[in-house]
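Accompanying notes for the structure given below.
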Amino acid sequence: ITHPQVIDIEPTIGNKLKLEHIYFQQSTANILRSSYPTIDQLGIYLLKHPNLHILIAGHTDNQGEASILKKLSLDRAAALKTYLINNKNINADRLKIIGYGAEQSINDNSSDRLRKKNRRVEIQIIGLDAQPSSLTKSK
Numbered sequence: 039i040t041h042p043q044v045i046d047i048e049p050t051i052g053n054k055l056k057l058e059h060i061y062f063q064q065s066t067a068n069i070l071r072s073s074y075p076t077i078d079q080l081g082i083y084l085l086k087h088p089n090l091h092i093l094i095a096g097h098t099d100n101q102g103e104a105s106i107l108k109k110l111s112l113d114r115a116a117a118l119k120t121y122l123i124n125n126k127n128i129n130a131d132r133l134k135i136i137g138y139g140a141e142q143s144i145n146d147n148s149s150d151r152l153r154k155k156n157r158r159v160e161i162q163i164i165g166l167d168a169q170p171s172s173l174t175k176s177k
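Using our numbering, the first residue of the sequence shown is number 39, and each one after it goes up by one.
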């Protein structure tokens, strides 16, 4: 059993955080249930900081065609966004997504272990409202 990652990033524009324990069904954007505790922690963090806007960035390893990997990474970021909207009532306007595919690898992808590190989701704080936006999505 993995414990959910506590999200405690300083709420400052530009700060980034790699989300640990985010898993998808292979070659799909289907989030595995074991990922929910960490995504729930992100939702709690966003509710605690209602003025934050974040970028959810999906990354893949280099195994496959670049255009397919880019779409997969975008779809995975979109799946996290949808989960936060539907399950944590986070306003969609606060969540931007991007898929980088293998463009921002953090290593050379030369082994299974290294490729696994490149398959990741990162969040970055991209905005702070002067007035906190509504805590929940509009109905």
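Glycine residues also receive a C-beta, built at the ideal position from the N, C-alpha and C atoms.
Where does Q79 fall in DSSP's three states? helix
What does the alpha-carbon distance come out to for the pair A104 and R158? Annotation: A104 to R158 spans about 16 Å, alpha carbon to alpha carbon.
Sub-9 Å separation of Q84 and K56 beta-carbons: The sequence given here places Leu at residue 84; Gln does not occur at that position. For L84 and K56, no; Cβs fall outside 9 Å.
For the stretch 131 to 139 against the stretch 66 to 75, do three or more pairs of beta-carbon atoms, one drawn from each stretch, fall closer than 8 Å, so that the two count as touching? no
Check R158 in the structure and name its three-state DSSP category. strand
Any idea which residues DSSP pairs K56 with across the strands? E160
Evaluate A140 with the Cβ neighbour count: other Cβ atoms within 10 Å of its Cβ, from every protein chain shown; 16 or more gives buried, anything less gives exposed. buried
Could you give the DSSP three-state label for I123: helix, strand or coil? helix
Go ahead and pull the three-state DSSP assignment for I94. In the three-state reduction of the DSSP assignment, I94 falls in the strand class, which pools E and B.
Using the beta-carbon count (16 or more within 10 Å), is R132 buried or exposed? That one is buried.
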